[in-house]
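Peer 1: Residue numbers (this note's numbering): 4 to 411. Every residue, glycine too, gets a C-beta built ideally from N, C-alpha and C. Input: one structure, supplied below.
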Ligand code: UTP
């Protein structure tokens, strides 16, 4: 596209401010800006208009979880099935580490954050140590696919390399980058990050499977007979990864996906809960959970929507491939987005100042048809680090690590 065509595209989407500094730029910078505008999908901005109507319209009904007591009864069998699958190389792990972790307030990738007290203990290290427990148990390496983004790829790769992958087999670690999306103010005007660069951010964790495929890793998965992928978040430093019992339960129940869940600690706890939406497994976000749903009881008198997801899912690859062409909904998320102001000065806001546009992994569940919510012990497996202090923070995670005998 030439300048005029780019200008026309900007007019169409009310984004001409993106060319405000064009005349000041040298030729290379001009070309970079035009190329970025050409390849940017402005249609994500349409979702601002859908913000209020994005909530569930389907009929929400409860979806029973496999609870701890049932898991305990079947533990031996699940364990055997899971260990066999792992030994046969049928399971891979996918670390979602493309997020910006803005709430934690560090510019570095979240995984390089040191939560140690008497020695360095990095978040990546904790996760790899957890996975290593299973590697030692089954006696074989488990392929680990690490999703990064343009913003943190180099820093992530070099950090892990520098630390010799915390003892993990370098040949069993694969990196892939996720896609980016523009970030805008509340009116849908895309921010400029530099005079010749639109502000972009990772497009959410929902695009992980498409990105994995784009990076050529799906071919590897086929060639090596990997049939299940355990997707997990970077920030839960206690979660069990490639957990044999969880794998065994999902295989035995013959479902497209298993979701680790924890019992909510209060009816209004801010976690997405498992449910059925028009009869299909789904996750209702905490802000969509009406009082009526919150107070609904099951046949035993327990809250019917009592299990929250912890972003640890086991997906069956064949089912993921079937849903690959489906477009996931876009969520609008309020975030702090650095930008340059009208005078060309860089601003790093203290408070959220605009929207990012994200696809979420939880929306994949709805497309898959069958899901097993699988209860795990909260105090043993759920220590998310979202903030520096307070709820779901470095402090709370340290406490939970200590309770679990992990020396920090
Ligand atoms: P969060 O929802 O906590 O988002 O991600 P975030 O961007 O990391 O953090 P904040 O909201 O800015 O503080 C949950 C998981 O999904 C991954 C994160 O790395 C984390 O493991 N994620 C999130 C991605 O991989 N890509 C994304 O675009 C967003």
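Quickly, what does DSSP pair residue 310 with across the bridge? List them, please.
Peer 2: Answer by DSSP bridge pairing, in chain order: 266.
Peer 1: By DSSP, does residue 247 sit in helix, in strand, or in coil?
Peer 2: The answer is helix: DSSP assigns residue 247 an H, G or I state.
Peer 1: For the stretch 109-159, list the beta strand (DSSP E) runs that are entirely contained and at least 3 residues long, ordered along the chain.
Peer 2: Runs found: 147-151.
Peer 1: Is residue 288 helix, strand or coil by DSSP?
Peer 2: Coil.
Peer 1: Just reading off the beta strand (DSSP E) that residue 203 is part of, what are its end residues?
Peer 2: That run of the beta strand (DSSP E) goes 203-205.
Peer 1: For residue 56, count the other beta carbons within 10 Å of its own beta carbon; 16 or more makes it buried, fewer makes it exposed. Which is it?
Peer 2: Only weak support is given to the placement of residue 56: the predicted model assigns it a pLDDT of 46, under 50, and the question is left unresolved by the model.
Peer 1: So, under 8 Å CB-CB, residue 406 and residue 313 are touching, yes? Tell me the CB distance rounded to an integer number of Å.
Peer 2: Contact flag wrong, Cβ pair sits at about 17 Å.
Peer 1: According to DSSP, what are the bridge partners of residue 69?
Peer 2: DSSP, once it has assigned bridges, lists 377 as partnering residue 69.
Peer 1: Can you give me the C-alpha to C-alpha distance between residue 87 and residue 225, rounded to a whole angstrom?
Peer 2: Between residue 87 and residue 225, the C-alpha separation is close to 19 Å.
Peer 1: Check whether the Cβ atoms of residue 249 and residue 317 sit closer than 8 Å, and answer yes or no.
Peer 2: For residue 249 and residue 317, yes; Cβs fall inside 8 Å.
Peer 1: Between residue 80 and chain B, is the shortest Cβ-Cβ distance under 8 Å, so that the two count as touching?
Peer 2: Included in the structure is just one protein chain, with no chain B present.
Peer 1: What are the boundary residues of the beta strand (DSSP E) that residue 296 is part of?
Peer 2: Element bounds for residue 296: not the beta strand (DSSP E) but the alpha helix (DSSP H), 294-298.
Peer 1: Would you say the beta carbon of residue 273 is closer than 7 Å to some non-hydrogen atom of the ligand UTP?
Peer 2: Checking every heavy atom of the ligand UTP against the Cβ of residue 273, none is found closer than 7 Å.
Peer 1: Helix, strand or coil for residue 278? Go by DSSP, reduced to three states.
Peer 2: Residue 278: strand per DSSP, three-state reduction.
Peer 1: Would you say residue 349 and residue 343 are within 8 Å of each other, going by their C-beta atoms?
Peer 2: Closer than 8 Å, so yes.
Peer 1: Quick one, are the C-beta atoms of residue 374 and residue 264 less than 8 Å apart?
Peer 2: It is not a contact, given that the beta carbons lie outside the stated cut-off.
Peer 1: Does the Cβ of residue 366 lie closer than 7 Å to at least one heavy atom of the ligand UTP?
Peer 2: No.
Peer 1: When the distance is taken between beta carbons, is residue 191 closer than 8 Å to residue 430?
Peer 2: Here the chain comprises residues numbered 4 to 411, so residue 430 is not present and cannot be evaluated.
Peer 1: Are the CB atoms of residue 287 and residue 229 nearer to each other than 8 Å?
Peer 2: Not a contact, by the Cβ cut-off of 8 Å.
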